[in-house]
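Counted from 1, the sequence shown has number 336 at position 323 by the working numbering; the numbering is strictly sequential.
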Amino acid sequence: MRRQLYTVTAALLLLALTNYRNVIPQVTDIKYIKPALMIGIDRAEDGQGVTVSLLLHTDGNTNSSMDTGVAVSSNSGDSTNSSFVHGTAKTVLMALERIRQSTPYAIPTSSIECFIIGEGAVTDDLEHYIDYLSKDNDLRLTSRLFFTKNATAKDIIASINQTEAGQALDAFGINSGITAISYKLEFITFWETRFEARTCAVPVLTLAGSDDKVHAQADGYAIINNGQFAGYLGTDIARAYNLLTNKPLHSYIECELPQGTVATVLEHAKTNVQFQWDGDTLEKIILTARVTANPQEVMGRTSMDPDTVAFINMAQSDVLRRECEATIQFAQETASDFLGIGKQLRLKHPYRWDKLQANWPDTLAQTPIEIQVQARLQHVFDMQ
């Protein structure tokens, strides 16, 4: 017993003399834990590396600047609950490590809810910049994915840092409200699509506002085809993508009438895909979109008689048809099947799909596509 006591005492003395902190794990005070909410990845300004930006959740006591070698900023005011840090290195992993080593915080990344990839990274070599996101075990593959347009991911996150982070995350859902432009995309969905359809539409963020006060907002979609950037679907035709892929529209159209202006809210849409064949040769693709809308506001003395309703239906159909035609033209010019027409062909005609699959992008680009839009106004009795 006495010998065991001597052994334990000697061991404790040895630990004390050899810096025990490197031997026994230390507990981190919770005030030094700053979970990351967003991660942004950009091509470095010199084009030779990667800039990683993090939006951190804090307790409001973060200093506005620190001499750490890594840029750190925070909101101002008593309600501060997020801070912004960024660092540059050759790889995403080393940039993250540089941030962690240069700040006094423990920064867990398992709480990240948004991946934001800068325009420079998207147009340069997307696979190179997102490889880390698919392999880090701490990151959630269900996090939302965004690309940027006319802005870097660093700029987007810095603008979010000037607002409430939680409100920004909710706004990026873009799944409610009558002006929805683009819909959320989980990173895992994007990653799986790369191997199946080889093309995908990714929601885009941009900066809006004046120089002294900017904010991030949705700006349509970026199209990725075979791992390469193919172009942008702007806000003027983004809802056509939502319509043709059976996503809720949550959008509005203003119809000019002789008696005044009628604003209608597009509610539900269903697009059907049909194929016309000559033997095993695909002659034509026909897309039929049926849309229902509600009259939201009437400016002027407009009576909802049958002729007026028919005029509004025609006006809505024409607007949506032109937007759909522009979206289809973009898909054919870039040979990008982000509308999922090939998937419908595979489900409806699996035998013929086996023959067309190898050259489907070229077939899609060369096959005539007809779009028919039928917009119908409902609940007109509410406006009598």
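Virtual Cβ for every residue (Gly too), placed ideally from N, Cα, C.
Every value quoted in this text rests on a predicted model; they were computed, and no experiment measured them.
Spatial neighbours of residue i within its chain, please: C-beta separation below 6 Å, excluding the five flanking residues on both sides.
| i | result |
| --- | --- |
| L246 | G233, Y234 and Y254 |
| Q357 | V286 |
| N188 | The predicted model places N188 with a pLDDT of 40, which falls under 50 and marks its position as unreliable; any figure quoted below should be read in that light. So no residue of the chain qualifies. |
| A164 | T219 and L220 |
| I382 | I298 and I341 |
Output the boundary residues of the beta strand (DSSP E) element that contains residue i.
| i | result |
| --- | --- |
| G273 | G273 to D291 |
| Q385 | I382 to L390 |
| R359 | It is not in any beta strand (DSSP E) - R359 instead sits in the alpha helix (DSSP H) that spans I354 to K361. |
| T161 | R157 to T161 |
| T376 | First-last for T376: W373 to Q379, but that is the alpha helix (DSSP H), not the beta strand (DSSP E). |
| D55 | A49 to R56 |
| P216 | T212 to S223 |
| F242 | Q241 to L246 |
How about residue i and residue j: do their beta carbons lie closer than 8 Å?
| i | j | result |
| --- | --- | --- |
| L170 | I129 | Rather than Leu, the amino acid found at residue 170 in this sequence is Ile. In this structure, I129 lies closer than 8 Å to I170 by Cβ. |
| I173 | L68 | yes |
| A63 | T122 | In the sequence under discussion, the amino acid at residue 63 is Val, which differs from the Ala named in the question. In this structure, T122 does not lie closer than 8 Å to V63 by Cβ. |
| C213 | F343 | no |
| V215 | L256 | no |
| V386 | A302 | yes |
| L377 | I354 | yes |
| I250 | T340 | yes |
| E126 | S156 | yes |
| N259 | K283 | yes |
When you compare only the Cα positions, how much space is there between residue i and residue j?
| i | j | result |
| --- | --- | --- |
| A166 | V322 | 45 Å |
| P48 | N239 | 34 Å |
| L360 | W366 | 9 Å |
| V98 | L220 | 19 Å |
| Y118 | S66 | 15 Å |
| M51 | F203 | 18 Å |
| T206 | K368 | 21 Å |
| T161 | S124 | 22 Å |
| F288 | Q345 | 16 Å |
| M107 | L198 | 27 Å |
From the DSSP output, read off the bridge partner residues of residue i.
| i | result |
| --- | --- |
| C337 | DSSP output for C337 lists no bridge partner at all. |
| H263 | DSSP lists no partner for H263. |
| E269 | T274 |
| K297 | Q289 |
| V65 | I54 and G100 |
First and last residue of the alpha helix (DSSP H) that includes residue i?
| i | result |
| --- | --- |
| H141 | E132 to K148 |
| L109 | V105 to S115 |
| I237 | No alpha helix (DSSP H) holds I237; the beta strand (DSSP E) holding it covers K226 to N238. |
| A166 | A166 to N174 |
| R252 | A251 to L257 |
In its own chain, which residues sit with a C-beta less than 7 Å from the C-beta of residue i, not counting the 5 before and 5 after it?
| i | result |
| --- | --- |
| T347 | I236, N238, A243 and G244 |
| G82 | With a pLDDT of 40 at G82, under the threshold of 50, the modelled position of this residue cannot be trusted; read the value that follows with caution. For G82, where only same-chain residues beyond five positions count, the Cβ hits under 7 Å are S115. |
| N326 | A388, R389 and L390 |
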